[in-house]
Amino acid sequence: MSDGFYEWTGAAKARRPVLLRFEDHRPFAYAGLWARWHPRDGGAPVESCTVVTMPPNALAARVHDRMPLILDPRTDREQIDEWLDVARTPDLAALRVPRDLPGFHFYPVDKRVGNVRNNDPSLLAPIGPADALPVGA
3 MSDGFYEWTG AAKARRPVLL RFEDHRPFAY AGLWARWHPR DGGAPVESCT
53 VVTMPPNALA ARVHDRMPLI LDPRTDREQI DEWLDVARTP DLAALRVPRD
103 LPGFHFYPVD KRVGNVRNND PSLLAPIGPA DALPVGA
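Numbering-wise, this note's numbering puts 71 at position 69 of the sequence shown, and it's gapless, one number per residue.
Structure (structure tokens):
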């Protein structure tokens with residue numbers, strides 16, 4: 003579960019980070035894939051995972067050319083159950099269709115988010131309006 007994610011937008015020298023999240027800061031899930039596999043050299047088993055991405059919806063398209071497949075526990079309970087049940091196959095057609103997420107928004111945040119040594123609540127604070135951002139991936 004997460005309550006937001008960062009993305010960078012704008013031309014190379016003017017890139018700015020933004021935080022995308024629900025306005026009420028509620029948590030949501032990402033669709034993902036997990037696997038355990040054995041290296042050919044006989045080494046220890048490896049566990050790996052990835053977040054599934056999809057074409058952006060109209061909001062996310064303002065800042066990037068793709069977005070994570072977000073599942074909202076308020077409206078996507080059945081889809082979340084599908085993704086968590088290894089005996090079921092999720093609806094993969096959903097990966098090709100941008101999803102509207104009512105109440106989802108973004109705003110610019112401090113560039114300090116680009117350094118993993120920074121980890122404090124100020125990284126979630128808006129530093130200006132979304133309409134002042136450079137647009138484009």
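Glycine included, C-beta positions come from ideal geometry on N, C-alpha and C.
Proximity below 7 Å, CB of Pro-128 to CB of Tyr-109: Within the sequence shown, residue 128 is the residue found at index 126, counting from 1. Within the sequence shown, residue 109 is the residue found at index 107, counting from 1. Cβ atoms of Pro-128 and Tyr-109: closer than 7 Å.
Contiguous alpha helix (DSSP H) assignments of at least 4 residues, all confined to the segment 28–85: Qualifying alpha helix (DSSP H) stretches: none in this window.
Residues that DSSP places opposite Leu-22 in a beta bridge: Position 20 of the sequence shown, counted from the start, is the residue given in the question as residue 22. Beta-bridge pairing links Leu-22 to Phe-7, Phe-108.
Coil, strand or helix - Leu-103 by DSSP: Here residue 103 corresponds to residue number 101 of the sequence shown, with the count starting at 1. Note: Leu-103 maps to coil in three-state DSSP.
Contact under 7 Å by Cβ, Phe-30 with Ile-82: Here residue 30 is taken as the residue at index 28 of the sequence shown, counted from 1. Here residue 82 is taken as the residue at index 80 of the sequence shown, counted from 1. No, the pair does not count as a contact, with Cβ atoms beyond the cut-off.
Beta-carbon gap between Tyr-149 and Val-65 smaller than 7 Å: No information on residue 149 is available, as it lies outside the stretch 3 to 139 that the chain covers here.
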